[in-house]
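Engineer: Before anything else, here's the structure in question.
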Amino acid sequence: MALENGGAEALGAELVNDLQLSATALRLGRGRILLDVTDAEISMTTSMNATRQAGTVPFHRLVPKLARGPLDALSAIANETGGQVVRLDFGPFRPYLVTYPDHVQQVLRGNYSNYAREGGIWRPVRRVFGTTIMGQGSAWETSRKILQPIFTSRFVASLGDGLAKTIEEGVGKLDGAAGSGRPIDTAEEMSRIVNMAVIRVLFGDKISHRDGERLCAALDSAARLMTLRLLVPFVPFLVPMPGDKAVADAIRLTDEVVRPLILKARAEPDEGVDVISALSRARASGPEEDENMRHDIIGIYAGATETTAMTLTWLWPVLNNHPEVYARLIDEVDRVVGAGPVQATHLPELRYTKMVLQELLRLYPTAWLWSRRAVESTELGGVRIKAGSQVLVSPYATHRLEEFWSRPLDFDPERFSPDAPGRRHRYSYYPFSGGPHQCLGQHLFYLKAPLIIAAVLRRFRPVSRLAGSPTPFPALTLRPKQKIELELVRRSSASAR
Ligand code: HEM
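The sequence shown begins at 1 in this note's numbering and counts up one residue at a time.
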């Protein structure tokens, strides 16, 4: 990868730093670089406070690469520069790309207060998904303090039985498709099942079936229609764009469903095991706090649905391409769940299922890229980061760094076996982010996703109609570019049950 401005521009650094950085720059010039550099070397460079300008991937090289395949391009840039902090030259927009685990750790955790969750995608995201838990600053902080104790593993475990029942009901509806022999649209069906589960977690039995469906439809369409705004986040909201009206309609519809539920939870407080009851107990009453509750609920919904549904959409074609993994997964479900129905008590035994999900999120992290804004000028990996600039972190690229993952493109759940040798750098794997903004829903994900997989596999063996692997498509979440159609073959053991 040829980088420009890669030479050492030492800003007040000592001679020794200049020498080190020049060596780095020379290696940059040779293409594959720094693969031999240890963590110790990196932190030594960092602690010496030496700064040079980041190498830039120039516009004329970047754009054709991205046009051929943006995700492969990101991953190639990360590997070819050995995880160096580089600038991507999109013309007026010149973000830094951060992929090396030490550097990611600094952005998300070590120096997180200097990397604000502002600008980039966050403005349009917040407009729809709220300004509390998806926000920044004191509103986020208060919300996080309230929500964190709600999403503990204990609370999530207490949802297990209700959730398992909802999931069995949702998966059971696939029976019709299996009987007719017509394929299912995987993204659509996984979204339907996940939405049912999330609505159950949020509202328990306080929401009618019809309102649940309206809410899912409204938020789904808002997320889809927002894509254009996400692509050009710098365009002010005053400038109208296609999709704006539909997004506004979706927000209105969401309010029509959520606001009455909040008022009801306030008027009739209970000890319910659902998020709206827990929030109602935790947030003081009053119109402002009701509004914050609305933002909390929509933020959680947004975080919980698309990410999980897309992960479960990737799963089936990947399993079809790895018959040995598929067979082992089915064996585990047969052994643990047997004649079913699936129950929360099965979870601790579904160990291989969890390893498969962990590896799936390595290769196809649905949150594949997100941004921060540097509040003040700072240094990262020996590179000067200018105040106000956008910094991109990409698990997709980090999870494919050859320095940290052997055979990075191979799908191998054994990497996550408790018996796997060696320890990983904490930030070589961060599908759920890290630091203060780390995903609140990790426990919930590892509750509902294995239950959904087990509920499907005890009935069917889904066969993908796609030959080969799907192409990753970078929307707000990472999606397969192709429509994934699955034929649901009834399992003979299941039909005998
Ligand atoms: C495969 C599933 C999921 C993935 C890949 C995922 C990924 C992420 C990531 C990367 C972030 C951090 C963004 C940042 O650093 O700015 C995040 C935050 C968040 N996630 Fe998840 N998530 C998943 C499932 C869930 C679920 C099931 C919930 C439901 C509770 C959830 C709720 C949230 C919330 C509320 C935040 C904001 C946390 C904060 O900023 O304090 N997520 N998620």
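Glycine included, every Cβ here is placed at the ideal spot set by N, Cα and C.
Which class does Asp255 belong to by DSSP, given the choice of helix, strand or coil?
Structural biologist: Indexing the sequence shown from 1 puts residue 255 at position 255. Note: Asp255 maps to helix in three-state DSSP.
Engineer: Below 8 angstroms CB to CB, which residues in the same chain sit around Ser153 once its five sequence neighbours on both sides are set aside?
Structural biologist: Here the question's residue 153 lines up with position 153 in the sequence shown. Cβ within range, chain order: His443.
Engineer: Using the three-state DSSP reduction, which class does Val489 fall into: helix, strand or coil?
Structural biologist: Start at 1 with the first residue of the sequence shown, and residue 489 comes out as number 489. Val489 falls in the strand class under three-state DSSP.
Engineer: How far does the alpha helix (DSSP H) with Ile452 in it extend, from its first residue to its last?
Structural biologist: On the sequence shown, position 452 is the one that residue 452 refers to. Segment Gln442 to Leu457, the alpha helix (DSSP H) holding Ile452.
Engineer: Helix, strand or coil for Gly160? Go by DSSP, reduced to three states.
Structural biologist: As a first step, residue 160 is located in the sequence shown; it is residue number 160 there, counting from the start. Gly160: helix per DSSP, three-state reduction.
Engineer: Taking the Cβ atom as the reference point for each residue, do Tyr115 and Val125 lie within a distance shorter than 8 angstroms?
Structural biologist: Taking the first residue of the sequence shown as position 1, residue 115 is located at position 115. Taking the first residue of the sequence shown as position 1, residue 125 is located at position 125. No. Outside cutoff.
Engineer: Report yes or no: do three or more beta-carbon pairs, one from the stretch 271-291 and one from the stretch 240-250, lie closer than 8 angstroms?
Structural biologist: Taking 8 angstroms as the limit for Cβ pairs, the verdict is that the stretch 240-250 does not touch the stretch 271-291.
Engineer: If we require 3 or more residues per run, which beta strand (DSSP E) segments fall completely within the stretch 360-427?
Structural biologist: Runs of the beta strand (DSSP E) inside the stretch 360-427: 370-374, 378-380, 383-385 and 390-393.
Engineer: Less than 7 angstroms between the CB of Ser280 and some heavy atom of the ligand HEM, yes or no?
Structural biologist: Within the sequence shown, residue 280 is the residue found at index 280, counting from 1. No, the Cβ of Ser280 stays beyond 7 angstroms of every heavy atom of the ligand HEM.
Engineer: Give me the DSSP bridge partner(s) of Gly55.
Structural biologist: Taking the first residue of the sequence shown as position 1, residue 55 is located at position 55. Answer by DSSP bridge pairing, in chain order: Val86.
Engineer: Please report the distance separating the alpha-carbon of Gly120 from that of Glu403.
Structural biologist: Counted from its first residue, the sequence shown places residue 120 at position 120. Counted from its first residue, the sequence shown places residue 403 at position 403. Whole-angstrom Cα-Cα distance: 29 angstroms.
Engineer: Buried or exposed for Lys481, please, with buried defined as at least 16 other CB atoms from any protein chain shown within 10 angstroms of its CB.
Structural biologist: Here residue 481 is taken as the residue at index 481 of the sequence shown, counted from 1. So Lys481 ends up on the exposed side.
Engineer: Extract the residue ranges of the alpha helix (DSSP H) inside the stretch 263-345, only unbroken runs of 4 or more that lie entirely within it.
Structural biologist: Entirely contained in the stretch 263-345, the alpha helix (DSSP H) runs reaching 4 residues are, in chain order, 275-282, 287-321 and 323-337.
Engineer: With hydrogens ignored, establish whether the beta-carbon of Leu108 is closer than 7 angstroms to any heavy atom of the ligand HEM.
Structural biologist: Translated into the one-based positions of the sequence shown, residue 108 becomes position 108. Flag set: Cβ of Leu108 near the ligand HEM.
Engineer: Is there contact here, the stretch 377-386 with the stretch 89-108, by at least three beta-carbon pairs under 8 angstroms?
Structural biologist: Yes, since at least three Cβ pairs between the stretch 377-386 and the stretch 89-108 fall closer than 8 angstroms, the two stretches touch.
Engineer: Please confirm whether Leu62 has its beta-carbon closer than 8 angstroms to some beta-carbon of chain C.
Structural biologist: Here there is only one protein chain, and chain C is not present.
Engineer: Excluding the five sequence neighbours on either side, which residues of its own chain have a C-beta within less than 6 angstroms of the C-beta of Ser492, listed in chain order?
Structural biologist: As a position in the sequence shown, residue 492 is number 492, starting the count at 1. Once the five neighbours on either side are set aside, Ser492 has no close Cβ partner at all.
Engineer: With respect to the beta strand (DSSP E) encompassing Ser464, which residues constitute its N-terminal and C-terminal limits?
Structural biologist: Locating residue 464 in the sequence shown gives position 464, where the first residue counts as 1. Looking at the DSSP string, the run of the beta strand (DSSP E) that includes Ser464 is Phe460 to Ser464.
Engineer: Check the C-beta distance from Ile484 over to Trp316 and give it rounded, since I have them as a contact under 8 angstroms.
Structural biologist: Counting from one through the sequence shown, the residue named residue 484 turns up at place 484. Counting from one through the sequence shown, the residue named residue 316 turns up at place 316. Ile484 to Trp316, Cβ: 7 angstroms. Contact.
Engineer: Could you check what DSSP says for Ile484 in three-state terms: helix, strand or coil?
Structural biologist: Start at 1 with the first residue of the sequence shown, and residue 484 comes out as number 484. Three-state DSSP puts Ile484 in coil, outside helix and strand.
Engineer: Give the list of continuous alpha helix (DSSP H) stretches no shorter than 4 residues that lie fully inside the stretch 59-134.
Structural biologist: The stretch 59-134 contains these whole alpha helix (DSSP H) runs: 59-68, 70-80, 101-105 and 122-129.
Engineer: Is His437 near the ligand HEM, with its Cβ less than 7 angstroms from a heavy atom?
Structural biologist: Locating residue 437 in the sequence shown gives position 437, counting from the first residue. Yes, since a heavy atom of the ligand HEM falls inside the 7 angstroms radius drawn around the Cβ of His437.
Engineer: Tell me whether Glu440, by its Cβ, gets closer than 7 angstroms to a heavy atom of the ligand HEM.
Structural biologist: The residue you call residue 440 lines up with position 440 of the sequence shown. Rather than Glu, the amino acid found at residue 440 in this sequence is Leu. Yes, the Cβ of Leu440 comes within 7 angstroms of a heavy atom of the ligand HEM.
Engineer: Does the separation of the CB atoms of His399 and Pro365 fall below 8 angstroms?
Structural biologist: As a working mapping, residue 399 is identified with position 399 in the sequence shown. As a working mapping, residue 365 is identified with position 365 in the sequence shown. Yes, these two residues count as a Cβ contact at 8 angstroms.
Engineer: Could you say if the stretch 190-201 and the stretch 261-268 meet the contact criterion of at least three C-beta pairs nearer than 8 angstroms?
Structural biologist: No: fewer than three Cβ pairs fall under 8 angstroms.
Engineer: Check whether the Cβ of Pro431 lies closer than 7 angstroms to any heavy atom of the ligand HEM, and answer yes or no.
Structural biologist: To locate residue 431, count along the sequence shown from 1; it is residue 431. Within the cutoff, so yes.
Engineer: For Ala182, name the three-state secondary structure that DSSP assigns.
Structural biologist: Sequence index remark: in the sequence shown, residue 182 carries index 182 (1-based). In the sequence as displayed, the identity of residue 182 is Arg instead of Ala. Coil, per DSSP.
Engineer: Suppose you measure from the CA of Thr186 to the CA of Val171; what does that come to, to the nearest Å?
Structural biologist: To locate residue 186, count along the sequence shown from 1; it is residue 186. To locate residue 171, count along the sequence shown from 1; it is residue 171. Those two C-alpha atoms are separated by around 12 angstroms.
Engineer: Are the beta-carbon atoms belonging to Ile330 and Ile297 less than 8 angstroms from one another?
Structural biologist: Counted from its first residue, the sequence shown places residue 330 at position 330. Counted from its first residue, the sequence shown places residue 297 at position 297. Their beta carbons are not under 8 angstroms apart, which means Ile330 does not touch Ile297 by this criterion.
Engineer: DSSP state of Glu189, grouped into three classes?
Structural biologist: Taking the first residue of the sequence shown as position 1, residue 189 is located at position 189. Here Glu189 sits in helix by DSSP.
Engineer: Any idea if Arg372 is buried or exposed, counting beta-carbon neighbours within 10 angstroms, 16 or more meaning buried?
Structural biologist: As a working note, residue 372 is residue 372 in the sequence shown. Arg372 comes out buried.
Engineer: Within a Cβ cutoff of 6 angstroms, which residues of the same chain sit near Ala218, ignoring the five residues on either side of it in sequence?
Structural biologist: Numbered from its first residue, the sequence shown carries residue 218 at position 218. These residues qualify, in order along the chain: Ala250, Leu253 and Thr254.
Engineer: If you draw a straight line from the alpha carbon of Leu486 to that of Arg281, how long is it in whole angstroms?
Structural biologist: Within the sequence shown, residue 486 is the residue found at index 486, counting from 1. Within the sequence shown, residue 281 is the residue found at index 281, counting from 1. Distance between the alpha carbons of Leu486 and Arg281 is about 43 angstroms.
Engineer: Leaving out five residues before and five after Glu359 in sequence, what residues of the same chain have Cβ atoms less than 7 angstroms from its Cβ?
Structural biologist: Walking along the sequence shown from the start, residue 359 turns up at place 359. Correct list, in chain order: Phe411, Asp412, Pro413, Arg415 and Phe416.
Engineer: On a CA-only basis, which of Ser143, Phe59 and Ser464 is nearest Trp314? Give me that one, please.
Structural biologist: Position 314 of the sequence shown, counted from the start, is the residue given in the question as residue 314. The residue with the shortest Cα to Cα distance from Trp314 is Ser464.
Engineer: By Cβ distance, which residues of its chain are closer than 7 angstroms to Ser221, with the 5 residues on each side in sequence left out?
Structural biologist: Along the sequence shown, read from residue 1 onward, the residue named residue 221 stands at position 221. Only Ala246 and Ala250 meet the Cβ criterion.
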